[in-house]
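Position 180 of the first sequence, counting from 1, maps to 181 under the numbering used here, and the rest follow consecutively.
Heads up, the beta-carbon is just placed ideally off N, CA and C, and yes, glycines get one too.
Input: a single structure, listed below in structure tokens.
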Amino acid sequence: MPTITPLTMQTLPRAAVIKCVPKSPQISCLLKKLPPFNFHQCKFYSRQPLLLSANDSLLHAKAIKNGSFQNLDVASYLLRLYGKSKCLSDARKVFDEMSQRDVRTWTILVSSFARAGSNGIVLELFRDMQNETVKPNQFTLSIVLKCCSSLSELRIGKGVHGWILRNGVVFDVVLGNSLLDFYVKCEDFGSAKWLFELMEERNSVSWNIMIGAHLNIGDVEKAVDMFRRLSSKDVASWNTIIDGLMRNGPKRMALELLYEMVKNGTVLDEVTFSISLVLVSSFMDIELGKQIHGRVLRLGFHVDGFIRASLIDMYCKCGKMEMALEVFKRMNSDFGRKENSIEEIVSWSSIVSGFVLNGEIEDAFKTFTSMISKEIEVDRFTVTSIVSACANSGVLELGQQVHALIQKIGHRVDAHLGSSLIDMYSKCGSLDDAQMVFKQTNDKNVVLWTSMISCCALHGQGREAVRLFEFMMSEGIKPNVVTFIGVLTACSHAGLIEEGCRYFRLMKEVYGIKPGVDHYSCMVDLYGRAGQLNETKNFIHENGIDHMSAVWRSFLSSCRLHRDIKMAEWVSEKLLHLEPPDAGTYILLSNIYATKQRWEEAAEVRSLMQSRGVKKHPGQSWIQIKNQVHTFVMGDRSHPQTDKIYAYLDKLIGRLREIGYSSDTKLVMQDVEEEQGEMLLGFHSEKLATAYGIISMTSQKPIRIMKNLRVCNDCHTFMKYTSQLLDREIIVRDIRRFHHFKRGCCSCGDYW
DNA sequence: CTAGGGTTAG
């Protein structure tokens, strides 16, 4: 059964072992196939225009010929036609050729651009209109206000409001609601409330906007109260409250209201279905999902492309890819393909992100490439998902190609895409590229900052993470739960105890965030790594977190680092009581005994582990050479070039010894964190992968190794010497962080 | 030709 595990800073995803990785050559040849970037084409790339009939074209030709643009009716007809067909340049042409223009024609043009999302142009047109002293009516004003809220232009919108009051425009409910919605979207809650009180006429839409606004600012009680007092609740009211509660309030309550709505006999509409399917995903409640699917079929809503897209998305998020694909396939066969309709694009996008969520990276790429070859628009949603797939694959080249593809398509890097890209470069080991993306992304939000801070943490740049964090707060951006995980991890990886403690207090006292397991683990790690084992113990007791096994595991790791057997015994006792037996605990304890030459006890722990039937994760390392991923385990002899690898490794170690590398095999082989060291003959997998990398890569590109456990002490030293001897950069990604070895030093400063 | 409500990221 596929499980969906959100990625956290604590553990890197076990990089997917894709046997025949990257579709890279395919993608690069697709890069060439893509149409050259062209603003007009890209903007309306996918929207299929309404078909203009031959008659219409004829009419247009005639109109140009005999100058009947003088006739307002003919001109407006053509204008509307082109506007609805998304042929904006044609609409504009007709408009420019007209000899006289009234409010109606202006409004038609304005609405055409608004519908296409060209908000900037709408505002320009609005200005032109006033310059020509044409007085906008309620229709025009509503459209303009909507643009203002999309652009978060509070100032301009307020100007429009003032203009309305000064010029005595007829103030109907619709215009009032437009204003209300504008204030809410621009987060000027005060003005919205004030306007709402003043409005002479309110309808259910007005109430719905206000209910939504209260939910947005987190005032659940008030919102529910308003909802309850509504004398006539229409579908939209139910939809508003359920959607708002799902996003900002208690999700349970959203679910309860959905049941109540159904029991009430309210007729559900397509929006209700969309919302409830999202609700299902957030609960991962597949049974409820199936029920809703049934209802959709019974009511015949399955003909609606949007609902089908929502169904696909729900199945993906609940980990039922087979079901998602079933709906997806039927979409085309049962109803015919609506080429590049929004529904179609959303469905593809959901499938791609579904594969990514479920860790099926190869399938995600297969879907993505077939999407491109079928010339389906690759929108920002899809692109964001596929970048996240690259992050999980850990293959840098693949990520770079996708990044190039995005630039080719011409997508602007917004906060969503930016965070994905930063995360991708971060997890693929290129700190520089992550920093570049960060610098180039204009509208930075918390998530983007958090991605960058976490990236620094992952690469051991503690000071830089702290600097970014301080800078972010000075910019007035509020850190959230995840931001603190990032900055605390950075502190623990870099030994910044004082800062770490300060931020932990800041989080609780100033930002009122309740620490979670991840935050506590960071703190335990922070004290523990620094060798303050008694403080660690106190911290655990003071915070009442001795039921969290992650915390104890981190503590045990620190005991090994500082070779404190007494403490380690005590900690593993606690740990083994708490969790289902985990190999890591036994091996860690056994290795701690071994470091003190207490072989008997070490062996005892290991046989205890075996008798309890605990299976260990074999240590694995992999390296990508060309389009192939090569995987190694300790003492591996299965590789076709195994003789060459071992011969080279022997030679290399000999030369390393000459420059000071020493390894007491007996001790070294035991001194491993989570890996057993009983095989004296073998080498750890990361050494094998490194050796293979050196002999098969002729260029001076850095050697990138990935490992599913932590790098051991000896291998760490080995890498340092190798980087010096060969003047070669080695980048190792282990389960917790990256190590950049360069000229005999590691970026972690040996503090790991 | 006009108002509210549904898919992306750390």
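Buried or exposed (CB count within 10 angstroms, at least 16 for buried), M473: Here residue 473 corresponds to residue number 472 of the first sequence, with the count starting at 1. So M473 ends up on the buried side.
Nonlocal neighbours in the same chain, by C-beta distance under 6 Å from I313, ignoring five residues either side: Walking along the first sequence from the start, residue 313 turns up at place 312. So the list reads A325, V328, F329, S348 and S351, once near-sequence residues are dropped.
Residues of its chain near L726, where Cβ-Cβ distance is below 7 Å and the 5 sequence neighbours each way are ignored: The count along the first sequence starts at 1 and reaches residue 726 at position 725. These residues qualify, in order along the chain: R656, L657 and I660.
I731 vs F742 beta-carbon contact at 7 Å: For the purposes of this step, residue 731 is taken as the residue at position 730 of the first sequence. For the purposes of this step, residue 742 is taken as the residue at position 741 of the first sequence. Closer than 7 Å, so yes.
Distance between D715 and I454 (C-alpha atoms, nearest Å): Along the first sequence, one-based indexing puts residue 454 at 453. Along the first sequence, one-based indexing puts residue 715 at 714. Each residue's Cα considered, the two are about 29 Å apart.
For T699, the three-state DSSP class (helix, strand or coil): Position 698 of the first sequence, counting from 1, holds the residue named residue 699. Coil, per DSSP.
Helix, strand or coil at F684 according to DSSP, with G and I counted as helix: To locate residue 684, count along the first sequence from 1; it is residue 683. The answer is coil: DSSP assigns F684 none of H, G, I, E or B.
Pick from I157, P137, V145 and R156 that is closest to N168, judged by C-alpha positions: As a first step, residue 168 is located in the first sequence; it is residue number 167 there, counting from the start. Per the Cα distances, P137.
Nearest candidate by alpha-carbon position, reference V755, set N628, L155 and L166: Residue 755 cannot be examined here, being either before or after the span of the chain that is shown, 2 to 753.
Under 7 Å between C-beta atoms of L89 and I109: Sequence index remark: in the first sequence, residue 89 carries index 88 (1-based). Sequence index remark: in the first sequence, residue 109 carries index 108 (1-based). No, Cβ-Cβ distance for L89 and I109 is not below 7 Å.
For H740, three-class secondary structure by DSSP: Within the first sequence, numbered from 1, the residue matching residue 740 stands at position 739. Reduced to three states, the DSSP call for H740 is strand.
Sequence-distant residues of its chain with Cβ nearer than 7 Å to K367 (five each side left out): Here residue 367 is taken as the residue at index 366 of the first sequence, counted from 1. Excluding residues within five positions, none has a Cβ falling inside 7 Å.
N- and C-terminal bounds of the beta strand (DSSP E) containing V634: For this step, residue 634 is matched to residue 633 along the first sequence. Residues Q629 to V634.
beta-carbon A495 near the ligand SAH non-hydrogen atom, thresh 6 Å: Here there are no bound small molecules, and the ligand SAH is not part of this structure.
Contact set for M200: own chain, Cβ-Cβ below 7 Å, skip 5 residues either direction: For the purposes of this step, residue 200 is taken as the residue at position 199 of the first sequence. Contacts found: G177 and S207.
Those runs of the beta strand (DSSP E) which lie wholly inside the region 171-239 and span at least 3 residues: none
T385 and S421 closer than 7 Å at C-beta: Position 384 of the first sequence, counted from the first residue, corresponds to residue 385. Position 420 of the first sequence, counted from the first residue, corresponds to residue 421. Closer than 7 Å, so yes.
Contact under 7 Å by Cβ, K708 with S622: For the purposes of this step, residue 708 is taken as residue 707 along the first sequence, with counting starting at 1. For the purposes of this step, residue 622 is taken as residue 621 along the first sequence, with counting starting at 1. Taking 7 Å as the Cβ cut-off, K708 and S622 qualify as a contacting pair.
Whole-number beta carbon distance between L73 and D103, since they are thought to touch under 8 Å: Walking along the first sequence from the start, residue 103 turns up at place 102. Walking along the first sequence from the start, residue 73 turns up at place 72. The Cβ separation is near 7 Å, so the contact holds.
With 16 other Cβ atoms within 10 Å as the buried cut-off, status of I218: Start at 1 with the first residue of the first sequence, and residue 218 comes out as number 217. Exposed, because fewer than 16 other Cβ atoms sit within 10 Å of the Cβ of I218.
Three-way DSSP call (helix, strand, coil) for V279 in this model: Mapped onto the first sequence, residue 279 falls at position 278. The answer is helix: DSSP assigns V279 an H, G or I state.
Helix, strand or coil at S622 according to DSSP, with G and I counted as helix: Indexing the first sequence from 1 puts residue 622 at position 621. Three-state DSSP puts S622 in a strand.
Cβ contact check for the region 605-615 and the region 575-592: 3 or more pairs under 8 Å: yes
Check whether N120 and L152 have beta carbons under 7 Å apart: Start at 1 with the first residue of the first sequence, and residue 120 comes out as number 119. Start at 1 with the first residue of the first sequence, and residue 152 comes out as number 151. The answer is yes: Cβ separation under 7 Å.
H494 and G532 closer than 7 Å at C-beta: Position 493 of the first sequence, counted from the start, is the residue given in the question as residue 494. Position 531 of the first sequence, counted from the start, is the residue given in the question as residue 532. Result no, Cβ atoms of H494 and G532 do not sit closer than 7 Å.
Own chain partners of D237 with C-beta closer than 6 Å, once the 5 adjacent residues on each side are dropped: The residue given as residue 237 occupies position 236 in the first sequence. The question names Asp, but residue 237 is Ala in the sequence shown. Same-chain partners within the cutoff: N209.
Residue interval of the beta strand (DSSP E) (run including K515): Start at 1 with the first residue of the first sequence, and residue 515 comes out as number 514. Here K515 belongs to no beta strand (DSSP E), and DSSP marks it neither H nor E.
Neighbourhood of E570 by C-beta distance below 8 Å, restricted to the same chain and skipping five residues each side: What you label residue 570 is simply residue 569 of the first sequence in a count that begins at 1. Only L590 meet the Cβ criterion.
Sub-7 Å separation of V525 and F556 beta-carbons: Position 524 of the first sequence, counted from the start, is the residue given in the question as residue 525. Position 555 of the first sequence, counted from the start, is the residue given in the question as residue 556. Yes.
Which listed residue (E574, C317, P581 and N393) has its alpha carbon closest to that of I736: Position 735 of the first sequence, counted from the start, is the residue given in the question as residue 736. Of the candidates E574, C317, P581 and N393, the one whose C-alpha sits nearest the C-alpha of I736 is N393.
6 Å CB neighbourhood of C744 in its chain, flanking five on each side removed: In the first sequence, residue 744 corresponds to position 743, counting from 1. Just to set this straight, residue 744 is Arg in the shown sequence, not Cys. Answer for R744: Q725, listed in chain order.
Distance, F127 Cα to E739 Cα: Counted from its first residue, the first sequence places residue 739 at position 738. Counted from its first residue, the first sequence places residue 127 at position 126. The question names Glu, but residue 739 is Phe in the sequence shown. If you take the alpha carbons of F739 and F127, they lie about 53 Å apart.
Cβ-based burial, R613 [other Cβ within 10 Å; buried from 16]: Taking the first sequence and counting its residues from 1, the one referred to as residue 613 is at position 612. Flag for R613 reads exposed.
Where M99 falls: helix, strand or coil (DSSP): Position 98 of the first sequence, counted from the first residue, corresponds to residue 99. Residue state, collapsed to three classes: coil.
Segment limits, alpha helix (DSSP H) that includes R296: The residue labelled residue 296 in the question sits at position 295 within the first sequence. Unbroken alpha helix (DSSP H) run through R296: I287 to L300.
Span of the beta strand (DSSP E) around I731: Locating residue 731 in the first sequence gives position 730, where the first residue counts as 1. Looking at the DSSP string, the run of the beta strand (DSSP E) that includes I731 is I731 to R734.
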